[in-house]
């Protein structure tokens, strides 16, 4: 018997639900069913604006996440979508996959992470040593042929340690300076 991986899991149900998942994001997303043991079961990926039809059951939980960053997305404006049976309806229920409102710090971190191709570039930012160490701890090295993940602490640390005037006083690569200023 498989062990429970999550408190979110499917329960018994015989009431069918016919869904049409629609990716309304600009990202590639993974559609995931939480099985009876709380384990994620992938039902594939959807490109931006792509749709897929899924037959499921009432109360079976579904989640979606960014295929690259693994950040959770919203499914019909919920973190976890539980379909409901609608007797007599002859069409599929449209289920919208959307992006939640991310904190500014997360968006800054994503932008910084996308624009740093090497771990050593963090030292070139001329940030305070403590801040550089924090960014290095959270930085994930990724090969040049893949997309950078969003998991980086950089923007949060920058916002906590630099004032508006500090950005002008330190020497940043022009591209990075523009990114930091855009994220403020």
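Numbering (full-length UniProt numbering), first residue to last: 1 to 184.
Here a beta-carbon is modelled for each residue, glycine too, at the ideal position from N, C-alpha and C.
Bear in mind that the values here come from a model prediction, so they are computed numbers and not experimental data.
Residue(s) in a DSSP beta bridge with residue i
i	result
residue 16	57
residue 32	42 and 63
residue 23	97
residue 73	64
residue 81	62
Cβ-Cβ distance between residue i and residue j below 9 Å
i	j	result
residue 75	residue 8	no
residue 6	residue 39	yes
residue 23	residue 49	yes
residue 29	residue 90	no
Best match in the options for proximity to residue i [C-alpha to C-alpha]
i	options	result
residue 194	93, 98 and 121	Because the chain here runs from 1 to 184, residue 194 falls outside it and cannot be looked at.
residue 42	26, 54, 50 and 24	54
residue 99	65, 35 and 36	65
residue 21	95, 123, 121 and 124	95
residue 82	32, 71, 28 and 24	32
residue 101	11, 58, 71 and 122	71
residue 11	90, 44 and 57	57
residue 186	46, 62 and 63	Look at the range of the chain in this structure, 1 to 184, and you will see that residue 186 is not part of it.
residue 52	97, 121, 123 and 124	97
Assumed close pair residue i, residue j - CB separation to whole angstroms, cut-off 8 Å
i	j	result
residue 15	residue 60	Not really, about 10 Å apart at Cβ, beyond 8 Å.
Any non-hydrogen atom of the ligand MG closer than 8 Å to residue i Cβ
i	result
residue 31	Absence of the ligand MG from the depicted structure is noted, as is the absence of any ligand whatsoever, leaving it without description.
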